[in-house]
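Take the sequence shown: its position 149, counted from the start at 1, is 470 in this note's numbering, and no numbers get skipped.
The beta-carbon is built from N, C-alpha and C at its ideal position, and this holds for glycine as well.
This structure is a prediction, so every number in the text was calculated from the model and none was measured.
Below: one structure, written as structure tokens.
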Amino acid sequence: MSAGTAGHVARSTVRPNSETIRRTPLRTFLHTDDGVTIDSVYEPGAAVYDASRSPSGDPVFVVAHGFTGDVDKPHVRRVAEAFAQYGAVVTFSFRGHGASGGRSTVGDREVLDLAAGVAWARAQGHARVVTVGFSMGGSVVLRHAALYGPRPSEGSPGDSDGPGREGRTEAHMQAHTDAVVSVSAPARWYYRGTAPMRKVHWLVTRPEGRLVGRYGLNTRIERGGWDPVPLSPVEVVPCIAPTPLLIVHGDRDGYFPVDHPRMLAEAAGDHAELWLEPGMGHAEHASADDLLARIGRWGSAQES
Numbered sequence: 322m323s324a325g326t327a328g329h330v331a332r333s334t335v336r337p338n339s340e341t342i343r344r345t346p347l348r349t350f351l352h353t354d355d356g357v358t359i360d361s362v363y364e365p366g367a368a369v370y371d372a373s374r375s376p377s378g379d380p381v382f383v384v385a386h387g388f389t390g391d392v393d394k395p396h397v398r399r400v401a402e403a404f405a406q407y408g409a410v411v412t413f414s415f416r417g418h419g420a421s422g423g424r425s426t427v428g429d430r431e432v433l434d435l436a437a438g439v440a441w442a443r444a445q446g447h448a449r450v451v452t453v454g455f456s457m458g459g460s461v462v463l464r465h466a467a468l469y470g471p472r473p474s475e476g477s478p479g480d481s482d483g484p485g486r487e488g489r490t491e492a493h494m495q496a497h498t499d500a501v502v503s504v505s506a507p508a509r510w511y512y513r514g515t516a517p518m519r520k521v522h523w524l525v526t527r528p529e530g531r532l533v534g535r536y537g538l539n540t541r542i543e544r545g546g547w548d549p550v551p552l553s554p555v556e557v558v559p560c561i562a563p564t565p566l567l568i569v570h571g572d573r574d575g576y577f578p579v580d581h582p583r584m585l586a587e588a589a590g591d592h593a594e595l596w597l598e599p600g601m602g603h604a605e606h607a608s609a610d611d612l613l614a615r616i617g618r619w620g621s622a623q624e625s
């Protein structure tokens with residue numbers, strides 16, 4: 322599933338006038354470095370804005386949804402509405418999901434989708450970007466932060482060596498994030514220790530499972546396996562520093578037990594914050610309004 326370089330992020334041709342840059346939502350298709358179209362929405366946030374005032378001082382939250390989600394799903398819209406109280410919001414559908422093109426690689430080349438979304442968020446005039454990912458999206462924001470951060474851990478998804486800071490293009494630099502929130506993410510690949518994850522593996526690896534994904538869940542899944550296997554979340558988190566990192570996980574998560582967030586926090590050392598949420602289940606559906614508000618406050622408080 323992995324090929325090519327990740328140094329260039331193709332951005333949308335939509336360029337809002339400076340007088341309307343924060344007044345109305347924008348919806349467009351972005352184009353990733355490997356040519357996949359990504360259905361994306363920019364929303365200026367809930368506050369009343371002065372058109373003469375630059376958005377550069379306000380954060381923008383770029384939301385990476387979980388597997389089988391998309392930009393129009395109610396649980397994704399609820400997350401966007403919560404974060405809109407603290408800044409602008411970019412939501413998008415990962416490849417193979419909803420109206421986006423391509424097929425899902427279940428966390429590998431989705432890093433390129435997120436990079437396109439982050440670059441587009443910066444093109445709206447925001448100097449501070451906070452990436453927030455849930456479940457599969459939680460693993461993607463971790464790998465994205467390591468790949469596009471100050472100490473790249475890997476090159477294009479699947480490549481073993483990063484391009485080095487001096488070798489990255491301006492477009493690559495525009496795709497970096499200023500803070501990272503990973504919610505309900507796995508620490509390691511191929512985990513099958515819970516019944517829900519065994520169902521996910523059936524969905525991804527079996528022909529009949531992929532048919533269910535395509536026609537029942539509006540999710541088109543790549544039929545081949547990873548080649549090469551990308552670095553796992555626990556392998557990349559040490560490379561995220563000094564970018565602020567928040568790891569959020571429920572102690573009743575039915576997909577990934579609490580050893581996953583603890584592994585991630587241990588690998589990050591003193592750099593990451595870990596919130597183990599009592600009574601919380603998995604990802605967006607289990608994220609209560611007060612938790613989303615706390616994440617919004619945490620993200621908006623981070624300096625660029």
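| Distance between GLU556 and ASP548 (C-alpha atoms, nearest Å) | Distance between the alpha carbons of ASP548 and GLU556: 17 Å.
| request: Pull up the distance between the alpha-carbon of THR526 and that of ARG544, whole angstroms please. | output: Between THR526 and ARG544, the C-alpha separation is close to 7 Å.
| task | Label TYR363 either buried or exposed according to how many other C-beta atoms from any shown protein chain fall within 10 Å of its C-beta, with 16 as the threshold for buried. | result | TYR363 comes out buried.
| field | Short Cβ contact (8 Å threshold) for THR498 with VAL451 | value | At the C-beta level, THR498 and VAL451 come within 8 Å of one another.
| field | Cβ-Cβ separation, VAL392 to GLY419 (assumed contact under 8 Å), whole Å | value | Going by Cβ atoms, the distance from GLY419 to VAL392 rounds to 6 Å, so yes, they are a contact pair.
| said: Taking the alpha-carbon of VAL432 as reference, which of ALA444, VAL384, ASP611 has the nearest alpha-carbon? | reply: Ranking the options by Cα distance to VAL432, first place goes to VAL384.
| message | Quick check on the DSSP output: what are the complete beta strand (DSSP E) runs of length 3 or more inside the segment 492-522, in order along the chain? | response | Entirely contained in the segment 492-522, the beta strand (DSSP E) runs reaching 3 residues are, in chain order, 500-504.
| said: Short of 8 Å in beta carbon distance, which residues of its chain neighbour ALA409, apart from the five on each side in sequence? Order them along the chain. | reply: Cβ neighbours of ALA409 beyond the five flanking positions: ARG343, TYR363, GLU364, PRO365, GLY366, PRO376, ASP379, PRO380, VAL381, PHE382, ALA442, GLN445, HIS447.
| query | Over what stretch of residues does the beta strand (DSSP E) that includes TYR363 continue unbroken? | reply | 358-364 is the span of the beta strand (DSSP E), which, as asked, contains TYR363.
| request: Would you mind sorting ASP572 into buried or exposed? The rule is 16 or more other CB atoms within 10 Å of its CB. | output: Flag for ASP572 reads exposed.
| Reduced DSSP secondary structure (H/G/I, E/B, other) of TRP547 | Here TRP547 sits in coil by DSSP.
| In whole angstroms, what separates the C-alpha of GLY485 from that of ARG464? | With a pLDDT of 38 at GLY485, under the threshold of 50, the predicted position of this residue should be treated as unreliable, though the coordinate-derived value follows. In a straight line, the C-alpha of GLY485 is about 15 Å away from that of ARG464.
| said: When you compare the CB positions of VAL502 and GLY620, do they come within less than 8 Å of one another, or not? | reply: VAL502 is a Cβ neighbour of GLY620, given a cutoff of 8 Å.
| query | Can you name, in chain order, every residue of its own chain whose Cβ lies under 6 Å from the Cβ of PRO565, other than the five neighbours on each side? | reply | Excluding residues within five positions, the ones whose Cβ falls inside 6 Å are ALA500, GLN623.
| query | Can you give the beta carbon distance from GLU598 to LEU612, rounded, assuming they're within the 8 Å contact cut? | reply | With 8 Å as the limit, GLU598 and LEU612 qualify as a contact, their Cβ atoms being about 6 Å apart.
| Does DSSP put ASP542 in a helix, in a strand, or in coil? | Reading off the sequence shown, one finds Ile at residue 542, where the question assumed Asp. Strand at ILE542.
| query | Residue range of the alpha helix (DSSP H) that ALA440 falls in? | reply | Segment 431-444, the alpha helix (DSSP H) holding ALA440.
| request: Please classify GLY454: does DSSP put it in a helix, a strand, or coil? | output: Taken through DSSP and simplified to helix, strand or coil, GLY454 comes out as strand.
| task | Locate the alpha helix (DSSP H) running through PRO554, then write down its first and last residues. | result | For PRO554, the uninterrupted alpha helix (DSSP H) run begins and ends at 554-557, by DSSP.
| field | Residue range of the alpha helix (DSSP H) that includes GLY571 | value | From DSSP, GLY571 is part of no alpha helix (DSSP H) but of the beta strand (DSSP E) over 566-571.
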